[in-house]
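Asks: For reference, the structure I am asking about is given below.
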Amino acid sequence: MNMREDRSLLLPAATIAGTRYGASVLESGNAIHDASTGDVIGWQEHADAAQVDAAVRAAHAARDAWRDRTPASRGVVLRRIAELIAADRARLSSMQQKVSGKPPLEADTDVSDAIATFEYYGGLCADAALFAVEKVSLPDDTVSGERHHEAVGVAALIVPWNFPMVTTAWKIAPALAAGCTAVLKPSELTSPVEHMLADIMTAAGVPDGVVNIVNGGGEVGALLAAHPLVDKISFTGSTAVGRKVMQTAAEDMKRVTLELGGKSALIVRADADIGHAVALAIGGAFTNAGQMCSATSRIIVHDDVYRKFIAALEVAVRAHVVAPPHVGNVAMGPLVSRAQRERVQALLDEGIADGARIAFSGALDSACEGGFFMAPVVIAEPDARNVLWTDEVFGPVACVISFRTDDEAIALANDTRYGLVATVVTRDDEAARRYRKALRAGLVWIDTPQLIFPQVSWGGLGLSGIGRELGVAGLRSYQELRHAIMA
Ligand code: NAD
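So in this note's numbering, the last one in the sequence shown is 523, and the numbering has no gaps at all.
What follows is the structure, given as structure tokens:
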């Protein structure tokens, strides 16, 4: 059967300078599924090498005009994008729920995050000081020095499927604010969301060629990353692929920002409010069905409160309603795809075969038939070498382990080559400060859920990546620092 027939949603292989292009090869593409039913709801065509080349050339051709506009005028466009996303909230949220199976609250939060990101960078564009030439004071008064922040040029933006709308906003907003033009490569699993964003950007006045899109899987991402006219790559995805992207970038010394995986810890001290700790543990491990780079899937609990915590966690996990988005009290949706569920199940099986013990797990709602659902699982006291303790599972599997001293908790939390985030649940300010300093993580939450603000930069240490997104650092990551010394 020709998969492209009978599809209400046929997504083009590429959008280049405002024009949509189909796949050059029939059947080059992949089906888009409703994650909650497993039904095919669309077809994503894939770009070929010539289309990737044309997209990068379009971004290159549009580069100077966009860069030379005033930051304030770029900011007007960014704020307009935020307004149009807000006006389209219901449609965007509903598409996000369909392709990822996210519960309505989570899908709505994604829309809100995208709006906040475009608003924030729109606001930064109005801050003339951030873009102004800065005087550099020199110890020689016969010359003067200047510092300039100038757009890097053409940015290749490669994003995964777990927070498509948010990750795309985190890249496009600062890139456009800085004066860069872009070629976006969405995940082939969730691209309908980015296609909607592309229409919004056009309606908001983003000129043709400033944001181009190429669709497809890893081969298309690799072609884009390797293109000689790309000046910077901003990649979010797995550490394994991030490594390849960095190797590719090395060829032309392209600038890179890499937001990669994680294996983060949530520490519950003896003074914690246990109800609050359980709520943070559930949010940290099972939001987006655990498919979060920031998942705090290693839960480290003080001995004195361990039993109480585990008992309360069990009640919460058993009450965690796993269901499609339309079920009223849904708390957790499906995984994004059949392949992802198989990957998570395989890791779980491997961990169990190696001695890990399931303490308890949740259950699926009766409405879960057909989709890519998986119940949340809690592993108690795994061996420190067990794969479920050491590796990113990217699914609803959390491990709980006990500790006696703060030093022991810190050592357990830091016993990983990743370093994205950490959560500490404590009411002791002094202890919180010690943990904040000692934990190797780009962002530490103290006694709060995983709050994310565009003002606060995001990024990790070690295998979790290089560079920072969001905040002023996110803007600067799309600029080159240049100087002049004048007689
Ligand atoms: P992935 O690495 O398989 O793919 C990410 C993107 O890269 C996709 O668009 C994919 O098509 C593309 N790609 C694949 N091979 C490529 C190649 N050789 N060259 C260029 N591009 C290529 O990751 P995924 O499975 O889509 O997402 C899950 C991973 O993303 C997890 O490891 C997760 O931790 C990570 N992640 C990190 C953050 C963060 O901010 N640190 C945020 C979200 C997800």
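The beta carbon of each residue, even a glycine, is placed where N, CA and C say it ideally should be.
(1) State yes or no: is the C-beta of Trp481 nearer than 7 Å to some heavy atom of ligand 1?
(2) Would you say the beta carbon of Val281 comes nearer than 7 Å to a heavy atom of ligand 2?
(3) Counting only the same chain and skipping the five closest in sequence on each side, list residues whose C-beta sits under 8 Å from that of Asp419.
(4) So what does DSSP say about Met39, is it helix, strand or coil?
(5) With respect to the beta strand (DSSP E) encompassing Cys435, which residues constitute its N-terminal and C-terminal limits?
(6) Taking only the alpha-carbon atoms, compute the straight-line gap between Ala53 and Asp339 and give it to the nearest angstrom.
(7) Would you kindly check if the distance between the Cβ of Ala59 and the Cβ of Ala67 is under 8 Å?
(8) According to the neighbour-count rule (16 or more other Cβ atoms, all chains shown, within 10 Å of its Cβ), is Tyr514 buried or exposed?
(9) In three-state terms, what does DSSP make of Trp481?
(10) Does the beta-carbon of Gly311 have 16 or more other beta-carbons within 10 angstroms, so that it is buried, or is it exposed?
(11) Below 8 Å on the Cβ atoms is my contact criterion, and I expect Lys171 with Glu186 to pass it. Report the Cβ-Cβ distance as a whole number of Å.
(12) Apply the 10 Å Cβ neighbour rule to Met37 and answer buried if 16 or more other Cβ atoms are within range, or exposed otherwise.
(13) So Gly503 packs on Leu174, CB below 8 Å; how close in whole Å?
(14) Among the candidates Thr51, Ala234, Phe199 and His184, whose CA atom is the shortest distance from the CA of Ile521?
(15) Taking 7 Å as the line, does the beta carbon of Gly507 fall inside it for any heavy atom of ligand 1?
(16) What is the DSSP secondary structure of Ala467, counted as helix, strand or coil?
(17) Tell me whether Thr204 counts as near ligand 1, meaning its Cβ is closer than 7 Å to at least one heavy atom of that ligand.
(18) When the Cα atoms are used, what is the spatial distance from Gly510 to Arg105?
(19) Under DSSP, the alpha helix (DSSP H) around Leu141 begins and ends at which residues?
(20) Sorted by chain position, which residues of the same chain lie with C-beta nearer than 6 Å to Ala347's C-beta, five sequence neighbours on each side aside?
(21) Buried or exposed, going by whether 16 or more other CB atoms sit within 10 Å of the CB of Leu47?
(22) Quick one: grab the DSSP three-state call for Phe345.
(23) I need the DSSP call for Arg305, collapsed to helix, strand or coil.
(24) Contact between the segment 139-151 and the segment 492-500 is defined here as three or more beta-carbon pairs at a separation below 8 Å; is this criterion met?
(25) State the DSSP-derived secondary structure class of Met522, mapped to helix, strand or coil.
(26) Which one or two residues does DSSP pair with Thr203 in a beta bridge?
(27) Please report the straight-line C-alpha distance between Lys299 and Phe271, rounded to a whole angstrom.
(28) Can you tell me which residues form a DSSP beta bridge with Met368?
(29) What's the C-alpha gap between Leu45 and Gly78?
(30) Could you have a look at Ile335 and say whether DSSP puts it in helix, strand or coil?
(31) Can you tell me whether Ile194 sits near ligand 1, meaning its C-beta is under 7 Å from at least one heavy atom of the ligand?
(32) Would you identify the three-state DSSP class for Ala50, choosing helix, strand or coil?
(33) Taking the Cβ atom as the reference point for each residue, do Ile249 and Asp124 lie within a distance shorter than 8 Å?
(34) Quick one: Cα of Ala211 to Cα of Ile117, how far?
(35) Could you have a look at Phe430 and say whether DSSP puts it in helix, strand or coil?
Replies: Taking the definition as stated:
(1) no
(2) Of the ligands this structure carries, namely ligand 1, none is ligand 2.
(3) Asp390, Gly391, Ala392 and Trp425
(4) Bear in mind that the predicted position of Met39 carries a pLDDT of just 48, short of 50, making it unreliable; the figure below should be weighed with that in mind. Met39 falls in the coil class under three-state DSSP.
(5) Val433 to Phe439
(6) 60 Å
(7) no
(8) buried
(9) strand
(10) exposed
(11) Their Cβ separation, rounded to whole angstroms, is 17 Å, which puts Lys171 and Glu186 out of contact at 8 Å.
(12) Note that Met37 scores 36 on pLDDT, short of 50, meaning its location in the model is unreliable; the coordinates nonetheless yield the value given after this. Exposed: under 16 other Cβ atoms inside 10 Å.
(13) Wrong, their Cβ atoms sit about 29 Å apart, outside the cutoff.
(14) His184
(15) no
(16) helix
(17) no
(18) 20 Å
(19) Pro140 to Cys161
(20) none
(21) buried
(22) helix
(23) coil
(24) no
(25) strand
(26) DSSP, once it has assigned bridges, lists no residue as partnering Thr203.
(27) 19 Å
(28) Val358
(29) 4 Å
(30) strand
(31) yes
(32) strand
(33) no
(34) 14 Å
(35) coil
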